[in-house]
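Asks: The structure's right below; bear with me while I get my questions together.
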Amino acid sequence: MESIVVLKDVTKVINGRTIIDHISFEVNKGEVFGFLGPNGAGKTTTIRMVVGLMGLTSGDITIGGASIKTNFEDAVQHVGAIVENPEMYKFLSGYQNLVHFARMTKGITKEKIDETVKLVGLSDRIHDKVKTYSLGMRQRLGLAQCLLHDPNVLILDEPTNGLDPAGIREIRDYIRLLAREKDMAVIVSSHILSEMEMMCDRIGIIQNGRLVDVQRVQEFVHSKTSSFEFEVIPADTAITLLQKTYPKAAITHSRDGLTVEIAKEEIPNLVKSFVDEGIQVFGIKEVSKTLEDRFLEVTAVKGADNHA
Ligand SMILES: Nc1ncnc2c1ncn2[C@@H]1O[C@H](COP(=O)(O)OP(=O)(O)OP(=O)(O)O)[C@@H](O)[C@H]1O
Ligand SMILES: [Mg+2]
Numbered sequence: 014m015e016s017i018v019v020l021k022d023v024t025k026v027i028n029g030r031t032i033i034d035h036i037s038f039e040v041n042k043g044e045v046f047g048f049l050g051p052n053g054a055g056k057t058t059t060i061r062m063v064v065g066l067m068g069l070t071s072g073d074i075t076i077g078g079a080s081i082k083t084n085f086e087d088a089v090q091h092v093g094a095i096v097e098n099p100e101m102y103k104f105l106s107g108y109q110n111l112v113h114f115a116r117m118t119k120g121i122t123k124e125k126i127d128e129t130v131k132l133v134g135l136s137d138r139i140h141d142k143v144k145t146y147s148l149g150m151r152q153r154l155g156l157a158q159c160l161l162h163d164p165n166v167l168i169l170d171e172p173t174n175g176l177d178p179a180g181i182r183e184i185r186d187y188i189r190l191l192a193r194e195k196d197m198a199v200i201v202s203s204h205i206l207s208e209m210e211m212m213c214d215r216i217g218i219i220q221n222g223r224l225v226d227v228q229r230v231q232e233f234v235h236s237k238t239s240s241f242e243f244e245v246i247p248a249d250t251a252i253t254l255l256q257k258t259y260p261k262a263a264i265t266h267s268r269d270g271l272t273v274e275i276a277k278e279e280i281p282n283l284v285k286s287f288v289d290e291g292i293q294v295f296g297i298k299e300v301s302k303t304l305e306d307r308f309l310e311v312t313a314v315k316g317a318d319n320h321a
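Just so you know, our numbering puts 19 at position 6 of the sequence shown, and the rest follows in order with no gaps.
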């Protein structure tokens, strides 16, 4: 795997407040990297630094080996980004907007514009005025604009913001396609976990300006012993028995039953013990952890550490 974007100890202090605190990570070619965190965590600020819209207080960022601090032009020349709402002329057509943008950048041909329009699925409406576009169409036009110069790094801050489910899915499929077919490195930010789960290869969780965890999406979802929910009566006796048998396991009692974090192999023995104790078993269900559960776990535990 070849890393193309490298952040090393990136730190930003504004008015004496540390907004970004020694963030380091690398993004590889052909990979979609998700930057996940709650409002105010520092996603946009980090992205602004990566694309050169804001200076670093300390640390460094290199893109394709070129430092954003000492070799800015080389670093950003292969980056396409949508950070704030892309500037569009509303009284011009989408096509005129792209032509206008192409004039400011060397080497963009008419063929390239046409190809890109097709790629983002705007062919039908590209000659209509931008003011008649829906939000999703504007997003796609923005995407077209930042793809015109064939970047090999694509950076999108909350790309699915404001889109309907169909629009979200399209953007998601499209982002995956760019990574897979064009070997692009893509960085996307979001605070919506389920979306990131479907879109990204790896996810970095940012909280209070710190990167608290980076994991492959697959590991993220499966990296815990599973939990099983038992519908049993009487619950009190069952809890006592569980505590005695698995003194270390987390046990929670809800309206639906008892949830215990144990390995699947334990179930036959446990059911036998229940029956031996005269406890009636009405149901057993595996409770899989969602990314959301994991996200909350990670931020709760590591967040607590941070404040220790
Ligand atoms: N120019 C600035 N001056 C002072 N504080 C700033 C500035 N830019 C960002 N901040 C602060 O930095 C923190 C991180 O903000 P940032 O916009 O990066 O968060 P975010 O993760 O993108 O949040 P959201 O999900 O709401 O977009 C916030 O506390 C914000 O108030
Ligand atoms: Mg933001």
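Glycine residues also receive a C-beta, built at the ideal position from the N, C-alpha and C atoms.
Relative to ligand 2, is the shortest distance from any of its heavy atoms to the C-beta of residue 71 smaller than 8 Å?
Replies: Mapped onto the sequence shown, residue 71 falls at position 58. Relative to ligand 2, even the nearest heavy atom lies 8 Å or more away from the CB of residue 71.
Asks: Residue 245: buried (16+ other C-beta within 10 angstroms of its C-beta) or exposed?
Replies: Reading the sequence shown from its first residue, position 232 is the one you call residue 245. Label assigned to residue 245: buried.
Asks: Between residue 219 and the rest of its own chain, which residues show a CB-CB distance below 8 Å, the 5 nearest in sequence each way excluded?
Replies: On the sequence shown, residue 219 is found 206 positions in, with the first residue counted as 1. Result list for residue 219: 36, 48, 49, 50, 54, 55, 56, 59, 225, in chain order.
Asks: Please state the DSSP three-state secondary structure of residue 244.
Replies: Position 231 of the sequence shown, counting from 1, holds the residue named residue 244. Strand at residue 244.
Asks: How would the residue list near ligand 2 read, in chain order, if you kept each one whose beta-carbon is closer than 7 Å to any heavy atom?
Replies: After applying the 7 Å Cβ criterion, the set is 56, 57, 170, 171, 202.
Asks: Roughly how many angstroms separate the alpha carbons of residue 321 and residue 18, rounded to a whole number?
Replies: Against the sequence shown, residue 321 aligns to sequence position 308. Against the sequence shown, residue 18 aligns to sequence position 5. With a pLDDT of 36 at residue 321, under the threshold of 50, the modelled position of this residue cannot be trusted; read the value that follows with caution. Each residue's Cα considered, the two are about 32 Å apart.
Asks: From the DSSP output, in three-state form, read off residue 270 for me.
Replies: Within the sequence shown, numbered from 1, the residue matching residue 270 stands at position 257. Of the three classes helix, strand and coil, the one that applies to residue 270 here is strand, per DSSP.
Asks: Contact defined as beta carbons within less than 8 Å: I believe residue 40 pairs with residue 71. What is the distance between those atoms, to the nearest angstrom?
Replies: Along the sequence shown, one-based indexing puts residue 40 at 27. Along the sequence shown, one-based indexing puts residue 71 at 58. Their Cβ separation, rounded to whole angstroms, is 21 Å, which puts residue 40 and residue 71 out of contact at 8 Å.
Asks: Thinking just about the alpha-carbon of each residue, which of 26, 256, 211 is nearest to the one in residue 67?
Replies: The residue you call residue 67 lines up with position 54 of the sequence shown. Minimum Cα distance to residue 67 is reached at 26.
Asks: Is it buried or exposed, residue 46, if we count other Cβ atoms within 10 angstroms and call 16 or more buried?
Replies: By 1-based counting over the sequence shown, the position of residue 46 is 33. Here residue 46 is buried. Its C-beta has 16 or more other C-beta atoms within 10 Å.
Asks: Give a single yes or no on whether residue 35 has its beta carbon closer than 8 Å to a heavy atom of ligand 1.
Replies: Mapped onto the sequence shown, residue 35 falls at position 22. No, the beta carbon of residue 35 sits no closer than 8 Å to any heavy atom of ligand 1.
Asks: Is it the case that the CB of residue 30 approaches a heavy atom of ligand 1 more closely than 8 Å?
Replies: For the purposes of this step, residue 30 is taken as residue 17 along the sequence shown, with counting starting at 1. Answer for residue 30: yes, Cβ within range of ligand 1.
Asks: Taking the C-alpha atoms as reference points, what is the distance between residue 132 and residue 69?
Replies: Residue mapping note: residue 132 aligns to position 119 of the sequence shown, counting from 1. Residue mapping note: residue 69 aligns to position 56 of the sequence shown, counting from 1. Distance between the alpha carbons of residue 132 and residue 69 is about 35 Å.
Asks: At a cut-off of 8 Å, would you count residue 140 as near ligand 1, judging by its Cβ distance to the nearest heavy atom?
Replies: Working through the sequence shown from its first residue, we reach residue 140 at position 127. It does not: the Cβ of residue 140 is nowhere closer than 8 Å to a heavy atom of ligand 1.
Asks: Distance, Cα to Cα, residue 176 vs residue 148?
Replies: One-based indexing of the sequence shown puts residue 176 at position 163. One-based indexing of the sequence shown puts residue 148 at position 135. In this structure, the alpha-carbon of residue 176 lies about 7 Å from that of residue 148.
Asks: How many Å lie between residue 142 and residue 104 at the Cα?
Replies: By 1-based counting over the sequence shown, the position of residue 142 is 129. By 1-based counting over the sequence shown, the position of residue 104 is 91. The alpha-carbon atoms of residue 142 and residue 104 are separated by roughly 6 Å.
Asks: Can you tell me the Cα-Cα spacing of residue 193 and residue 44, whole angstroms?
Replies: The sequence position of residue 193 within the sequence shown is 180, counting from 1. The sequence position of residue 44 within the sequence shown is 31, counting from 1. Looking at the backbone, the Cα of residue 193 and that of residue 44 are separated by about 8 Å.
Asks: Taking 8 Å as the cut-off, is the C-beta of residue 51 nearer than that to any heavy atom in ligand 1?
Replies: Position 38 of the sequence shown, counting from 1, holds the residue named residue 51. Within the cutoff, so yes.
Asks: List the residues that DSSP assigns as beta-bridge partners of residue 38.
Replies: Within the sequence shown, numbered from 1, the residue matching residue 38 stands at position 25. In the DSSP output, where bridge partners are listed per residue, residue 38 has 20.
Asks: Count the other C-beta atoms from every protein chain shown that fall within 10 angstroms of the C-beta of residue 317, then say buried if there are 16 or more, exposed otherwise.
Replies: As a first step, residue 317 is located in the sequence shown; it is residue number 304 there, counting from the start. The predicted model places residue 317 with a pLDDT of 49, which falls under 50 and marks its position as unreliable; any figure quoted below should be read in that light. So residue 317 ends up on the exposed side.
Asks: Measuring alpha carbon to alpha carbon, tell me which residue in 287, 81, 257, 248 is nearest residue 268.
Replies: As a working note, residue 268 is residue 255 in the sequence shown. It is 248.
Asks: According to DSSP, simplified to helix, strand and coil, what is residue 90?
Replies: For the purposes of this step, residue 90 is taken as residue 77 along the sequence shown, with counting starting at 1. Three-state result, residue 90: coil.
Asks: So what's residue 321 in DSSP terms, helix, strand or just coil?
Replies: Here residue 321 refers to the residue found at position 308 when the sequence shown is read from its first residue. Low local confidence applies: a pLDDT of 36 at residue 321 is under 50, so the model's placement there is unreliable, with the coordinate-based value given in what follows. Residue 321: coil per DSSP, three-state reduction.
Asks: According to the Cβ coordinates, are residue 199 and residue 92 closer than 9 Å?
Replies: Taking the sequence shown and counting its residues from 1, one reaches residue 199 at position 186. Taking the sequence shown and counting its residues from 1, one reaches residue 92 at position 79. Their beta carbons are not under 9 Å apart, which means residue 199 does not touch residue 92 by this criterion.
Asks: According to DSSP, is residue 276 helix, strand or coil?
Replies: Position 263 of the sequence shown, counted from the start, is the residue given in the question as residue 276. In the structure shown, residue 276 sits in coil (DSSP, three-state: anything other than H, G, I, E or B).
Asks: How long is the line joining the alpha carbons of residue 195 and residue 164, rounded to whole angstroms?
Replies: For the purposes of this step, residue 195 is identified with residue 182 of the sequence shown, where counting begins at 1. For the purposes of this step, residue 164 is identified with residue 151 of the sequence shown, where counting begins at 1. Each residue's alpha carbon lies about 10 Å from the other.
Asks: Could you tell me which residues DSSP puts in a beta bridge with residue 46?
Replies: Along the sequence shown, read from residue 1 onward, the residue named residue 46 stands at position 33. In the DSSP output, where bridge partners are listed per residue, residue 46 has 200, 215.
Asks: How would you write the range of the alpha helix (DSSP H) that residue 64 sits in, first residue to last?
Replies: What you label residue 64 is simply residue 51 of the sequence shown in a count that begins at 1. Segment: none, residue 64 is in no alpha helix (DSSP H) and carries neither H nor E.
Asks: I'd like to confirm something about residue 94: is its beta-carbon nearer than 8 Å to some heavy atom of ligand 1, or not?
Replies: As a working mapping, residue 94 is identified with position 81 in the sequence shown. Not so, every heavy atom of ligand 1 lies at least 8 Å from the Cβ.
Asks: Could you pull the DSSP bridge partners for residue 75 from this structure?
Replies: Residue 75 sits at position 62 when you count from the first residue of the sequence shown. Note: residue 75 sits in a beta bridge opposite 19, 80.
Asks: With respect to the beta strand (DSSP E) encompassing residue 131, which residues constitute its N-terminal and C-terminal limits?
Replies: Within the sequence shown, numbered from 1, the residue matching residue 131 stands at position 118. Careful: residue 131 lies outside any beta strand (DSSP E), inside the alpha helix (DSSP H) at 123-132.
Asks: Quick check on residue 27: does DSSP put it in helix, strand or coil?
Replies: If you number the sequence shown from 1, residue 27 lands on position 14. Correct three-state label for residue 27: strand.
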